[in-house]
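The sequence shown lines up with residues 7 to 331 when you count with the numbering used here.
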Amino acid sequence: MDVNKIMSSLEAKHPGEKEYLQAVHEVLESVQEVYNQHPEFAKAKIIERIVEPDRIFTFRVDWVDDKGEVQTNLGYRVQFNAAIGPYKGGIRFHKAVNPSMLKFLGFEQTFKNALTTLPMGGAKGGSDFDPTGKSDAEIMRFCQAFMLELWQNIGPDTDVPAGDVGVGGREIGYMYGMYKKLAREYNTGVLTGKGINWGGSLIRPEATGYGALYFVDHMLKKLGKSLKGQRVVVSGFGNVAWGASEKATELGAKVIGLSGPDGCVEVPNGMTQEMIDYLLELRASNRNIVAPFAEKFAKESKFTAGKKAWVIPCDIALPCAFQNE
Numbered sequence: 007m008d009v010n011k012i013m014s015s016l017e018a019k020h021p022g023e024k025e026y027l028q029a030v031h032e033v034l035e036s037v038q039e040v041y042n043q044h045p046e047f048a049k050a051k052i053i054e055r056i057v058e059p060d061r062i063f064t065f066r067v068d069w070v071d072d073k074g075e076v077q078t079n080l081g082y083r084v085q086f087n088a089a090i091g092p093y094k095g096g097i098r099f100h101k102a103v104n105p106s107m108l109k110f111l112g113f114e115q116t117f118k119n120a121l122t123t124l125p126m127g128g129a130k131g132g133s134d135f136d137p138t139g140k141s142d143a144e145i146m147r148f149c150q151a152f153m154l155e156l157w158q159n160i161g162p163d164t165d166v167p168a169g170d171v172g173v174g175g176r177e178i179g180y181m182y183g184m185y186k187k188l189a190r191e192y193n194t195g196v197l198t199g200k201g202i203n204w205g206g207s208l209i210r211p212e213a214t215g216y217g218a219l220y221f222v223d224h225m226l227k228k229l230g231k232s233l234k235g236q237r238v239v240v241s242g243f244g245n246v247a248w249g250a251s252e253k254a255t256e257l258g259a260k261v262i263g264l265s266g267p268d269g270c271v272e273v274p275n276g277m278t279q280e281m282i283d284y285l286l287e288l289r290a291s292n293r294n295i296v297a298p299f300a301e302k303f304a305k306e307s308k309f310t311a312g313k314k315a316w317v318i319p320c321d322i323a324l325p326c327a328f329q330n331e
């Protein structure tokens, strides 16, 4: 495998798709030594095939806001690879969503899912819909309109979406409700991340953040160290950041900072359970800012506008937000 040659070909075919091209380049560089020990891989053109998605669906999503005005967004589903099982990957709602971002995420999801040893392929989807400032009713109408366009291309044996940035249990609930209405079947295997009372899994909301901390804890033990007393900062305040903060605190660390698009919050004495619980309220508020955290806990925290969590001195930094943190 000649990484430079493959990348030149991809850059010519997909100009400007920086997120996707970066992800492919990083993966190819990491596997080329092992790959080149197997000439049968090169003969079968495994790399040339695996870097391109199986298919991409792009669709218009029309929905009505609270003022009665029609709004239009773009929706996508990138079904990247189904070599070992049905497509599996999240749905992301964020104004920065584009095909390049979703191709990058779907490509990496393929390897991530394969490493679980479960029979799952890789996919990703989403929309440039921005949940910030939207009411629950607007989010519901958008989710229903999104599923109206997507439902025929997903299913338990075809493609199983999940949540991602901007898509939590609430959004999954709205989409699943619309799916079962359209498909006329109560199939709990079609979307993951549902509420536990209607087909979801116990501790699903905690899984990503907890998993990150189990990994950190394992690494530290390998080095003969412990999480106890370590000062931790977290980027983000969504589902992953919440779970990571809770598990870090449980394992004896002190979470002393978090950040959002508007700035960062420093908590010198570490976050309490009340503060950690409040992260869920922040996420559900649809305001996408962390300043209210410092307002609610004014005596214990300090907000700095325009800064990231990484300006706070710490022992462990946990990126729990966007790519390239």
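We put the beta carbon where it would ideally sit given N, CA and C, even for glycine.
Asked                                                                                                                                                            : Found
By the 10 Å Cβ neighbour count, where 16 or more other Cβ atoms means buried, how is Arg190 classified, buried or exposed?                                       : exposed
Note down, in chain order, each residue of its chain lying with its Cβ closer than 8 Å to the Cβ of Arg176, except the 5 sequence neighbours on either side.     : Asp142, Ile145, Ala290
How would you label Ala315, buried or exposed, when you count the other beta carbons within 10 angstroms and need 16 or more for buried?                         : buried
In its own chain, which residues sit with a C-beta less than 8 Å from the C-beta of Lys302, not counting the 5 before and 5 after it?                            : Tyr284
Look at Gly180 and Cys149 and say whether their C-beta atoms are less than 8 Å apart.                                                                            : According to the sequence provided, residue 180 is Tyr. The question's Gly does not apply to it. Yes, they are a contact pair.
Starting from Val222, trace the alpha helix (DSSP H) in both directions and tell me its first and last residue.                                                  : 210-228
Just to confirm before moving on: does the CB-CB distance between Ala254 and Leu219 stay below 8 Å?                                                              : yes
Quick check on the DSSP output: what are the complete beta strand (DSSP E) runs of length 3 or more inside the stretch 35-109, in order along the chain?         : 61-70, 76-87, 93-99
Taking just the CA atoms, how far does Val173 sit from Pro21?                                                                                                    : 29 Å
Going by alpha carbons, who is nearest to Val9 out of Tyr41, Ala311, Lys187?                                                                                     : Tyr41
Just tell me which of Asn79, Pro59, Asp72 has its CA closest to the CA of Arg66.                                                                                 : Asn79
Taking the alpha carbon of Ile52 as the reference point, which residue from Val76, Thr64, Ala89, Gly95 has its own alpha carbon closest?                         : Ala89
Are Gly132 and Leu108 closer than 8 Å when you measure CB to CB?                                                                                                 : yes
Exposed or buried, Val171, counting other C-beta atoms within 10 Å across all chains shown (16 or more means buried)?                                            : buried
Does Pro167 come out as helix, strand or coil in the three-state DSSP assignment?                                                                                : strand
Would you tell me roughly how many angstroms separate the C-alpha atoms of Glu272 and Lys231, rounded to the nearest one?                                        : 25 Å
Are the beta-carbon atoms of Gly249 and Gly215 separated by less than 8 Å?                                                                                       : yes
Inspect the beta-carbon positions of Gly263 and Ala297 and report whether they are closer than 8 Å.                                                              : no
For the ligand SAH, I want to know if Asp268 counts as a neighbour, meaning its beta carbon is within less than 7 Å of at least one of the ligand's heavy atoms. : With respect to the ligand SAH, the structure shown offers nothing to examine, as it has no ligands at all.
Using three-state DSSP, classify Cys270 as helix, strand or coil.                                                                                                : strand
Rounded to a whole number of angstroms, what is the C-alpha to C-alpha distance between Val317 and Gln329?                                                       : 18 Å
Could you tell me whether the Cβ atoms of Leu27 and Leu16 are closer together than 8 Å?                                                                          : yes
Give me whichever residues DSSP pairs with Arg237 in a beta bridge.                                                                                              : Lys260
Per the DSSP calculation, Phe309 is bridged to which residue(s)?                                                                                                 : Val271
Measuring only the C-alpha atoms, how far is Ser207 from Lys200?                                                                                                 : 7 Å
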